[in-house]
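J.:
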Amino acid sequence: MSLKQKQPRRYIFTGKLDAFFTDVYAFGQFISRFFGSLFLPPYEFKEIVRQSYSIGVKSLPLITLTGFITGIVFTKQSRPSLSDFGATSWLPSLVTIAIVRALAPLVTGLITAGKVGSNIGAELGSMKVTEQIDAMEVSATNPFKFLVVTRVLATTFMVPLLMLYMALLAMLGAFVNVHSNEQTSFVSFIENGFHSISFLDIYSSFIKSILFGFTIGIVGCYQGYNTTQGTQGVGRAANTSVVMAMFLIFIEEIIVVQIINWFRMP
Amino acid sequence: MEKKNKHIDRTKKVISIHDLYKSFGTNHVLRGIDLDLYQGENVVVLGRSGTGKSVLIKIIAGLLKPDKGVVNVLGNDVAKISYRELEQLRLRIGFSFQSSALYDSMTVRENLEFPLLRNSKQLSQGQLTQAVETALEAVGLSQTIDQWPAELSGGQRKRIGIARTLIMQPAIMLYDEPTAGLDPITSMEINDLINEVQERFNTSSIIITHDLTCAKATGDRLAVLLDGRFVREGTFEEVFASDDERLKSFYDYNFIT
Numbered sequence: 540m541s542l543k544q545k546q547p548r549r550y551i552f553t554g555k556l557d558a559f560f561t562d563v564y565a566f567g568q569f570i571s572r573f574f575g576s577l578f579l580p581p582y583e584f585k586e587i588v589r590q591s592y593s594i595g596v597k598s599l600p601l602i603t604l605t606g607f608i609t610g611i612v613f614t615k616q617s618r619p620s621l622s623d624f625g626a627t628s629w630l631p632s633l634v635t636i637a638i639v640r641a642l643a644p645l646v647t648g649l650i651t652a653g654k655v656g657s658n659i660g661a662e663l664g665s666m667k668v669t670e671q672i673d674a675m676e677v678s679a680t681n682p683f684k685f686l687v688v689t690r691v692l693a694t695t696f697m698v699p700l701l702m703l704y705m706a707l708l709a710m711l712g713a714f715v716n717v718h719s720n721e722q723t724s725f726v727s728f729i730e731n732g733f734h735s736i737s738f739l740d741i742y743s744s745f746i747k748s749i750l751f752g753f754t755i756g757i758v759g760c761y762q763g764y765n766t767t768q769g770t771q772g773v774g775r776a777a778n779t780s781v782v783m784a785m786f787l788i789f790i791e792e793i794i795v796v797q798i799i800n801w802f803r804m805p
Numbered sequence: 545m546e547k548k549n550k551h552i553d554r555t556k557k558v559i560s561i562h563d564l565y566k567s568f569g570t571n572h573v574l575r576g577i578d579l580d581l582y583q584g585e586n587v588v589v590l591g592r593s594g595t596g597k598s599v600l601i602k603i604i605a606g607l608l609k610p611d612k613g614v615v616n617v618l619g620n621d622v623a624k625i626s627y628r629e630l631e632q633l634r635l636r637i638g639f640s641f642q643s644s645a646l647y648d649s650m651t652v653r654e655n656l657e658f659p660l661l662r663n664s665k666q667l668s669q670g671q672l673t674q675a676v677e678t679a680l681e682a683v684g685l686s687q688t689i690d691q692w693p694a695e696l697s698g699g700q701r702k703r704i705g706i707a708r709t710l711i712m713q714p715a716i717m718l719y720d721e722p723t724a725g726l727d728p729i730t731s732m733e734i735n736d737l738i739n740e741v742q743e744r745f746n747t748s749s750i751i752i753t754h755d756l757t758c759a760k761a762t763g764d765r766l767a768v769l770l771d772g773r774f775v776r777e778g779t780f781e782e783v784f785a786s787d788d789e790r791l792k793s794f795y796d797y798n799f800i801t
């Protein structure tokens, strides 16, 4: 082996751009490793259930509060515009469309990215820098399957359920507001609301939520699993997990909405 | 604790390393390492920080891939075997990490049960508890069984880390800086524990350290790593009888009890 000092490295673009593309490539490899490991035993069902509980059930208080308030606030903000045209009877339809098509998946995704994504990034990052991942590996446990695959599956399963729960809470908040102002009955609110949405709206929200859940899990795990530089790196992993997941969620939102609109066209 | 006469079987190599190279970018850490570890022997790899001592045992455990050379562990070339074969091999290797590497989210009991649950699925709850209690008793920390890692002292964490490896009854123990960050009394207790593990479980060990007290107390043989190569091997006295200035200064800056 040659021990000669290597020539200074030449970049293809610039140092930062090269690093960016290298990171994108490494992230792609991480995703392909996830799908490569997904169907291989052991399946870690217990850990998937434990993570689902941790991610899903422990997020309920925040989702409950945010969902209910989102419903009330959106309804209150929409009323003046509709009342100018004497169309406050359209409020249930407007609110239902907004919640089902956009607000529930997006707000659930963003909240989960903040709460769960940062938690995954920090937890795995801390395990990495304190050699706990190496310890798992030398005790003949595949840490990628045990730590990464389980968490990504848990977020992918739980975010759609949290989205559904948030949509119901937001509808409840909207109903409370509509009922207290327009004395609309619950049955009338539900009839008007659901009359204006289709199954395509519900499917698209579930597809978005599944994508958001996968993104939150895989980004958090990628950042945590590749943490370097000690405790400073742990903080950076937690932070980057949130920022990157939120950015990707918005990109996915745009893409899915565009695709769904093609289906919606007559 | 005084070291007792042990039965080192010089005919049986458990680890055999030949012409090992490892670099990280332009940093050439290991530059042609040769090392044999015999059945029942404790070999101390001594060297300053950053000389690649930890890299060496991480290669032995299959956590890092060598750039060149042969690392034969219990008859397996770790660079060439499949991941599944490596997992089977790792069951026979105990690795005590510098940071102890206890799982923060698990109690001491769960930390010790973890490798058993993952690899010996047929064990009953009674057998699990028995194995955990035996391992904890071996390191003298039975009372910590339901404590969390955050509630333990540095020395206790090291001991629990060793207990977690002992529970799988390994043939080889790899200790990464076992006394780093510990006070002299606790360090002495860890040194005694390393010798006790060797005698009680008949393990062969590689101990990575820059602590000469630890090296003297635990090593049957020392190998001094400098600039990516072993510059001297032998007993403690043989190694430091050298005229090599680098070894002399290493000795002078350490406190020998």
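In the order they appear, the protein sequences are chains A and B.
All the letters of the first sequence, read from the start, carry residue numbers 540 to 805 under the working numbering.
All the letters of the second sequence, read from the start, carry residue numbers 545 to 801 under the working numbering.
Glycine residues also receive a C-beta, built at the ideal position from the N, C-alpha and C atoms.
Step through the CB atoms of chain A and report whether any lies within less than 8 Å of the CB of I637(B).
T.: True, the Cβ-Cβ gap to chain A drops below 8 Å.
J.: Please list the partners that L607(B) has in chain A, where partner means a Cβ-to-Cβ separation under 8 Å.
T.: D673, E676 and V677
J.: Per DSSP, N586(B) forms a beta bridge with which residues?
T.: S749(B)
J.: Is it buried or exposed for K792(B), if we count other Cβ within 10 angstroms and need 16 for buried?
T.: exposed
J.: Tell me the DSSP secondary structure of K556(B) in three-state form.
T.: Of the three classes helix, strand and coil, the one that applies to K556(B) here is strand, per DSSP.
J.: Does any residue of chain B have a CB that is nearer than 8 Å to the CB of N670(A)?
T.: Here the sequence assigns Glu to residue 670(A), which means Asn is not the residue at that position. With 8 Å as the cut-off, E670(A) counts as an interface residue toward chain B.
J.: Any C-beta of chain A sitting closer than 8 Å to the C-beta of N663(B)?
T.: Taking Cβ atoms only, chain A reaches closer than 8 Å to N663(B), which makes this a yes.
J.: When you compare the CB positions of D764(B) and T723(B), do they come within less than 8 Å of one another, or not?
T.: No, the Cβ-Cβ distance between D764(B) and T723(B) is not below 8 Å.
J.: Starting from the Cα of G625(A), find the closest Cα among V646(A), M666(A), E721(A) and F578(A) and give me that residue.
T.: E721(A)
J.: Terminal residues of the continuous alpha helix (DSSP H) containing N616(B)?
T.: Segment K612 to V617 is the beta strand (DSSP E) holding N616(B); no alpha helix (DSSP H) there.
J.: Can you name the start and end residues of the beta strand (DSSP E) that G595(A) belongs to?
T.: G595(A) -> not in any beta strand (DSSP E); alpha helix (DSSP H) instead, spanning F584 to G595.
J.: Quick check on DSSP: helix, strand or coil for N620(B)?
T.: strand
J.: Pick helix, strand or coil for G638(B), following the three-state DSSP scheme.
T.: In this structure, DSSP gives G638(B) an extended state, which the three-state scheme calls strand.
J.: With distances taken from CA atoms, which of P682(A), S576(A) and L701(A) is nearest F745(A)?
T.: It is L701(A) whose Cα lies nearest to the Cα of F745(A).
J.: For A767(B), which residues in the same chain have their Cβ closer than 8 Å to its Cβ, ignoring the five residues on either side in sequence?
T.: L579, V587, V588, V589, L590, F774, R776 and E777
J.: Please determine if the region 646-659 of chain B and the region 675-688 of chain B are in contact, where contact requires at least 3 C-beta pairs separated by less than 8 Å.
T.: yes
J.: According to the neighbour-count rule (16 or more other Cβ atoms, all chains shown, within 10 Å of its Cβ), is P515(A) buried or exposed?
T.: Since the displayed chain A opens at 540 and closes at 805, residue 515(A) lies outside it and no answer follows.
J.: Between E631(B), Q583(B) and L661(B), which has its C-alpha nearest E586(A)'s C-alpha?
T.: Cα-wise, what sits closest to E586(A) is L661(B).
J.: Helix, strand or coil for M717(B)? Go by DSSP, reduced to three states.
T.: strand
J.: In its own chain, which residues sit with a C-beta less than 6 Å from the C-beta of Q583(B), not counting the 5 before and 5 after it?
T.: In its chain, beyond the 5 residues on either side, D553, K556, V558 and S748 have a beta carbon closer than 6 Å to the beta carbon of Q583(B).
J.: Between the region 607-637 of chain B and chain A, which residues of the former have CB atoms less than 9 Å from a CB of the latter, in chain order?
T.: L607, D611, K612, Y627, L630, E631, Q632, L633, R634, L635 and I637
J.: What residue range does the alpha helix (DSSP H) around E777(B) cover?
T.: Looking at the DSSP string, E777(B) is not in any alpha helix (DSSP H); the run it does join, the beta strand (DSSP E), is R773 to G778.
J.: If we cut at 8 Å on Cβ distances, does G698(B) have a partner in chain A?
T.: No, no contact with chain A.
J.: Starting from V768(B), follow its DSSP beta bridges and name the residues at the other end.
T.: L590(B) and R776(B)
J.: Find the residues of chain A that neighbour F745(B), judging by a C-beta separation of less than 9 Å, and give them in chain order.
T.: Ordered by position in chain A, no residue passes the 9 Å Cβ test against F745(B), which lies about 17 Å from the chain.
J.: With distances taken Cα to Cα, identify the nearest neighbour of L608(B) among W692(B), Q632(B), Q671(B) and V573(B).
T.: V573(B)
J.: Report the neighbours of T561(A) on chain B: residues whose CB is nearer than 7 Å to its CB, in chain order.
T.: Per Cβ cutoff of 7 Å: no residues; T561(A) is ~14 Å from chain B at best.
J.: So, are the CB atoms of G763(A) and A661(A) less than 8 Å apart?
T.: yes
J.: What are the residues that DSSP puts in a beta bridge with F568(B)?
T.: Note: F568(B) sits in a beta bridge opposite N571(B).
J.: With 9 Å as the limit, tell me which residues of the region 568-594 of chain B have their beta carbon closer than that to any beta carbon of chain A; keep them in chain order.
T.: Taken in chain order, the members of the region 568-594 of chain B whose beta-carbon sits within less than 9 Å of a beta-carbon on chain A are G569, T570, H572, R575 and G576.
J.: Step through the CB atoms of chain B and report whether any lies within less than 8 Å of the CB of T689(A).
T.: At a cut-off of 8 Å between beta-carbon atoms, T689(A) makes no contact with chain B.
J.: Answer with yes or no whether the minimum CB distance from L728(B) to chain A is below 8 Å.
T.: A quick correction: the sequence has Pro, not Leu, at residue 728(B). Chain A contact via Cβ: absent.
J.: Kindly indicate if chain A contains any beta-carbon less than 8 Å away from that of S643(B).
T.: S643(B) counts as touching chain A.
J.: Which residues of the region 763-796 of chain A have a Cβ closer than 8 Å to any Cβ of chain B? Give them in chain order.
T.: none
J.: In chain B, which residues lie less than 7 Å from T680(A) when you measure between Cβ atoms?
T.: R662
J.: Does P659(B) get closer than 8 Å to chain A when you measure Cβ to Cβ?
T.: yes
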